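Presented below is the structure to which this report refers.
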Amino acid sequence: MRAERWWQETSVIDQLYQRPTAFELVQATRLLRHDPQQQNQQKWNNTFYFLSSLNLNFPVSEIESLQLDDERVQITNLMVGLTGIQGVLPYTYTHKVRHAVRQQREQSLYFLGLFNNKLTVQYIDACLNYNLPVRYEIEQDNHYLKILHALNGYVEEQQDQQYIDDYFAEFAGLMQGQNNSEYALKTILSCIFQFDFEIKQLMPEQFHLDDQQKSSLSEARPVALGINSFCGENITQIDERIEIMIGPLRRKDYLNFLAQGTYNLKLQKIINTWCSPTMQVDIRLILDKQDLSSVQLGKNNSMTLGQGALILPEQDEHNNETCYCLKGSMA
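So in the UniProt record's numbering, the last spot in the sequence shown is 331, and the numbers never skip.
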């Protein structure tokens with residue numbers, strides 16, 4: 001195998017040449033740009049030539065044909081160009097060129113190809129420039145992440161937690177406007193940790209007022225019911241506390257979600273950064289019933305009560321007794 005053509009006979013590249021219609025235009029171009037000869041080219045399009053299509057049928061693929069001619073990749077695409085079903089010129093031009101004599105048709109295609117090649121190159125450059133997932137994959141300096149962070153008010157310099165910066169960029173659209181809804185929180189945590197999450201919201205919490213917080217008629221300042229005073233000695237609040245249920249979990253994952261565990265610290269960082277500072281968050285872990293087994297206390301067993309060990313009779317269902325406060329004060 002010639003060293004300069006190793007890439008052409010690899011599995012993916014070989015499949016691209018045999019079945020070009022199975023690939024997208026930008027995808028095929030990115031694959032072919034791995035040609036070793038590209039390292040010696042100042043511009044990637046020097047080894048490509050994009051032809052105009054004369055097909056007026058509904059496009060079933062983005063690429064009509066692909067071939068290698070004189071060390072140059074010739075691609076006839078159906079996505080962008082001057083002629084064809086997606087061309088910028090009226091269909092009458094494509095019809096006239098298509099039914100012209102062979103010599104005139106080839107000359108017309110060569111003339112149109114001068115403009116079509118530059119147009120397609122600019123289209124591919126624009127796709128790569130404005131396709132953020134692709135730029136995230138191929139670029140090392142992800143400076144555009146600040147634009148995504150601006151959607152949800154996340155400031156990278158103020159947080160100093162690089163290992164979760166990408167999460168706030170990936171889910172910036174869902175977090176936009178500080179959208180702390182049940183669906184948003186459940187979706188984001190499920191995608192990050194790859195476990196089942198359930199969010200219980202509107203959980204009531206009672207506060208007992210001491211004598212200094214109670215209103216009385218003898219006070220010098222005026223009081224208004226519902227504004228700066230309360231009726232009764234207890235207050236019930238339902239909008240500042242949620243419970244996050246995680247699982248069923250295997251034992252290893254269950255231990256990582258306990259206090260000071262790997263997943264626990266990561267979850268705490270995300271919740272503290274995104275959710276309201278006054279939000280109280282309780283975590284309830286569901287241990288898979290397959291991992292419910294007896295343990296013996298001893299020097300070889302580091303588990304303690306409430307930290308991986310439970311006192312309960314034999315059960316045939318998942319255990320959800322482990323509950324602790326992740327953020328705020330647990331009632």
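Think of the CB as a built atom: it goes at the ideal place given N, C-alpha and C, for glycine as much as any other residue. As the structure is a computational prediction, the values presented were derived from the model and not from experiment.
Here DSSP, grouped into helix, strand and coil, assigns residue 208 to strand. Of all alpha-carbon atoms in 213, 18, 55, 64, the one lying nearest the alpha-carbon of residue 96 is that of 55.
Collapsing the DSSP output to three states places residue 193 in a helix.
The alpha-carbon separation between residue 317 and residue 274 amounts to approximately 34 Å.
Residue 120 and residue 80 do touch by the CB rule: their CB atoms are close to 6 Å apart, below 8 Å.
DSSP places residue 12 inside the alpha helix (DSSP H), whose first and last residues are 11-18.
In the three-state reduction of the DSSP assignment, residue 35 falls in the coil class. Check the Cα spacing between residue 185 and each of 271, 325, 46, 277: the tightest is with 271. For a cut-off of 8 Å, the C-beta gap from residue 149 to residue 168 is around 6 Å, short enough to register as a contact. For residue 323, there is no enclosing alpha helix (DSSP H); the residue is part of the beta strand (DSSP E) that begins and ends at 319-327.
Look at residue 282 here: in three-state DSSP terms it is strand. Excluding the 5 residues flanking it on each side, residue 176 has same chain C-beta neighbours closer than 8 Å at 151, 152, in chain order. If you ignore the 5 residues before and after residue 187, its C-beta comes within less than 7 Å of the C-beta of 174, all in its own chain and listed in chain order. Around the C-beta of residue 118, fewer than 16 other C-beta atoms lie within 10 Å, and the residue is accordingly described as exposed.
Residue 238 and residue 203 do touch by the CB rule: their CB atoms are close to 7 Å apart, below 8 Å.
Approximately 7 Å separates the beta-carbon atoms of residue 75 and residue 48; this is inside 8 Å, confirming the contact. Annotated three-state conformation of residue 53 is coil, per DSSP. Per the C-alpha coordinates, the member of 195, 258, 93, 22 positioned closest to residue 109 is 93. Here the alpha carbons of residue 192 and residue 44 stand approximately 36 Å from one another. DSSP assignment within the segment 76-155 yields the following whole alpha helix (DSSP H) runs of 4 residues or more, N-terminal first: 91-98, 102-130, 132-138, 145-149. Distance check between residue 253 and each of 195, 280, 240, 289 places 195 closest, using alpha-carbon atoms only. Annotation for residue 241: the continuous beta strand (DSSP E) segment containing it runs 241-249.
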